[in-house]
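K.L.:
Take a look at this one; I'll ask things after.
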Amino acid sequence: STHLTPPLPAAFLPQMPPSPPRDTPNLTALSCPAGCHDRAVLLYEYVGKRIVDLQHTEVPDAYRGRGIAKHLAKAALDFVVEEDLKAHLTCWYIQKYVKENPLPQYLEHLQP
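Now the structure itself:
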């Protein structure tokens, strides 16, 4: 997963496949090679056929405070809406984002 902030060395989220490969139950929004410490990531896992668990956002120290996690949260939720998935929010930051941005399209795609 990456961000919209120009100087950020990251990609962006909508690489999430509509359904998970069976042999990789724990997916990340971005492949994490050796230099992963300089990338902002959103970890997620498909926990059902159309249910994705948004587990954790992580932003490198050097990029914190720039609103990058907010971009990750928005991209993930927009993807869930576009693909008509249900989202389970394990990530405290994404929970907070939804509380601060209680858009109907987000709320109706949350897994209770």
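Residue numbers (full-length UniProt numbering): 1 to 112.
By construction, the Cβ of each residue, glycine as well, lies at the ideal position given by its N, Cα and C atoms.
Which residues in the same chain as L89 place their Cβ atom closer than 6 Å to its Cβ, once the five residues preceding and following it in sequence are excluded?
P.N.:
So the list reads L54, Q95, once near-sequence residues are dropped.
K.L.:
So for H56, helix, strand or coil by DSSP?
P.N.:
strand
K.L.:
For A69, is the classification buried or exposed, using 16 other Cβ atoms within 10 angstroms of its Cβ as the cut-off for buried?
P.N.:
buried
K.L.:
Give me the Cα-Cα distance between R50 and K86, rounded to the nearest whole angstrom.
P.N.:
6 Å
K.L.:
Measuring CA to CA, which of V80, A73, V41, A62 is closest to N101?
P.N.:
Of V80, A73, V41, A62, the smallest CA-CA separation from N101 is found for A73.
K.L.:
Exposed or buried, which one is L43 when buried takes at least 16 other CB atoms within 10 Å?
P.N.:
It is buried - the Cβ of L43 has at least 16 other Cβ atoms within 10 Å.
K.L.:
Roughly how many whole angstroms lie between the Cα atoms of C91 and A76?
P.N.:
12 Å
K.L.:
For A40, count neighbouring Cβ atoms within 10 angstroms of its own Cβ and tell me buried if that reaches 16, exposed if not.
P.N.:
buried
K.L.:
Based on the DSSP secondary-structure assignment, which residues constitute the bridge partners of I51?
P.N.:
G48, K86
K.L.:
Can you name, in chain order, every residue of its own chain whose Cβ lies under 8 Å from the Cβ of T5, other than the five neighbours on each side?
P.N.:
Confidence in T5 is poor, its pLDDT being 34 and thus under 50, which makes the residue's placement unreliable; the coordinate value appears in the next sentence. Only Y63, R66, G67, I68, H71 meet the Cβ criterion.
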